[in-house]
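Take a look at the structure set out below.
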Amino acid sequence: MAPQSMIRVGLLVSFSVFLTVTLGFGLPALLNAVMRLLGLPETSVTECIVVLYALFVLYVAMPRIPRGSVEVKGKGVLITGCDSGFGHALAKHLHRLGFTVFAGCLLKDKGGEGAKALEEFHSDRMKVLQLDVCSDGEVKAAVEFIRNNLEDSQRGLWAVVNNAGVSTFGEVEFTSVDTYKQVSEVNLWGTIRVTKAVLPLIRRAKGRVVNIASMYGRMGNMMRSPYCVSKYGVEAFSDCLRYEMKSWGVKVSVIEPGNFIVATGILTRDVVATTANKLWSEAPPDVKEDYGKAHFEHLMALMRSYCNSGQKDDAPVMDDITDAIVSKRPYTRYSPMEPHWWIRMQIMTHLPGAISDLLYF
């Protein structure tokens, strides 16, 4: 487990104990009163609460239970978006583990630094290929390249990691419909396009499909609607694919990273400035008038403050993707994130909207 996981364990145990004490005194008293009114035994309520909370603490606090690992040798993995960020780090990581890595890079043919760094491995197990997930032609060419370069094409491709993606921000009324389309074209349709293209090879290997979504694929947030829409789509697509692939022995997992802005460099002050100028210049006159420049500048300052936020080490994400690929029984979802984001996601996805809205907005 990564170091952050131990911090998460400690905080989650503390959170669980706090809830246990709070609800342990208040909830039983309330339920016992209800049971008395109904003429039912009171002790059964307390016993049920103790058992349920014991299970809850075990669920959130126990380290990951080993579930066996597959043999790595001879297995190939396609990773999209290897120019930088998670994809670039993952290509190096899986290569070290012994996988044959097919690293798809958007800028390989343009001399991108990320692609060059991977090519410098000069390894038969590190194969860098040009891959724009929005291009049917490049996806088709990539699949043909993989088929021709697998150690044993009859065994198929062990895994695909759909990592390529883009991020943006902006309030709904400031964001054009084209922006929604552009973000989803990469994050959602790119994932679908690549997955459909490689599925025959994955099915042959009874392998893995690993889709990189986000915590914003499970919960919304202000200023992030284009990104949330695309990642919610990735979550839904992954669920449907998992149901369909079960009979083939193919496992489908979703990775839901939290805030790794610093680790990936996905959001910088230059990006915020460029996006802000575009949002304001393209906004309709009535929207500018109603919201006002001061309101807009306040939100942009908030986005700039996020540029230095989040976890600096991408190890939790690498660990979870690796587990999804090598574990004999991978999880459906992995949520590598800081404890406060994990708690927020549980609250926003499990409690009534009125409560989560009151707490966070």
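Using the working numbering, read the sequence shown as starting at 460 and increasing by one per residue. Every residue gets a Cβ at the ideal spot worked out from N, C-alpha and C, and that includes glycine.
In the DSSP secondary-structure assignment, Gln641 is not bridged to any residue. Ile605 is a Cβ neighbour of Val657, given a cutoff of 9 Å. The shortest C-alpha to C-alpha distance from Glu741 to any of Ser697, Ala513, Phe633 is the one to Phe633. Annotation for Val592: no alpha helix (DSSP H) segment contains it, and DSSP assigns it neither H nor E.
Residue pairing of Arg792 in beta bridges, as defined by DSSP: Val713.
Under DSSP, the beta-bridge partners assigned to Ala562 are Ile538, Val587. Following the DSSP letters along the chain, one finds Ile524 in no beta strand (DSSP E), marked with neither H nor E. Between Leu647 and Ser689 the beta-carbon gap is near 5 Å, inside 8 Å, which marks them as a contact. Under the three-state reduction of DSSP output, Ala618 falls in the strand class.
With a cutoff of 9 Å on beta-carbon distance, Ile806 and Leu553 are scored as not near each other. Under the 10 Å beta carbon count, Ile714 is surrounded by 16 or more other beta carbons and is classified as buried. DSSP places Val631 in the helix class (H, G or I) of the three-state scheme.
The three-state reading of DSSP puts Ser528 in strand, counting E and B together. Listed in chain order, the non-local C-beta contacts of Gly692 below 7 Å within the same chain comprise Ser643, Leu647, local neighbours out to five positions each way being set aside. For Ile725, the secondary structure class from DSSP, reduced to helix, strand or coil, is coil. Beyond the five residues adjoining it in sequence on each side, Thr723 comes within less than 8 Å, by CB distance, of Ser543, Gly544, Phe545, Asp773 in the same chain, given in chain order.
Take Ser684, set aside five residues on each side of it, and the residues of its chain with a beta-carbon closer than 6 Å to its own are Val631, in chain order. Going by C-alpha positions, Cys699 is about 17 Å away from Pro659. Here Lys586 is actually not in contact with Phe558; their C-beta atoms are around 11 Å apart, not less than 8 Å. Pairing Gly527 with Cys541 gives a Cβ-Cβ distance that is not under 9 Å.
Inclusion of Val531 and Leu565 in the CB contact set at 9 Å is not warranted, their separation being larger than that value. Proximity of the stretch 789 to 804 to the stretch 740 to 757 falls short of the contact definition, fewer than three beta-carbon pairs being nearer than 8 Å. When rounded, the separation of the alpha-carbon atoms in Thr781 and Ser626 is 24 Å. Spanning the alpha carbons of Ala548 and Gly708 requires a straight line of approximately 28 Å.
Glu597 and Leu616 have their C-alpha atoms some 18 Å from each other.
Annotation for Arg667: the continuous beta strand (DSSP E) segment containing it runs 667 to 671. The beta carbons of Gly717 and Gln770 sit closer together than 9 Å. An exposed status is given to Ser582, since fewer than 16 other beta-carbon atoms sit within 10 Å of its beta-carbon. The criterion of a C-beta distance shorter than 9 Å is satisfied by Arg652 and Cys593. Bounds of the alpha helix (DSSP H) holding Trp801 are 798 to 809.
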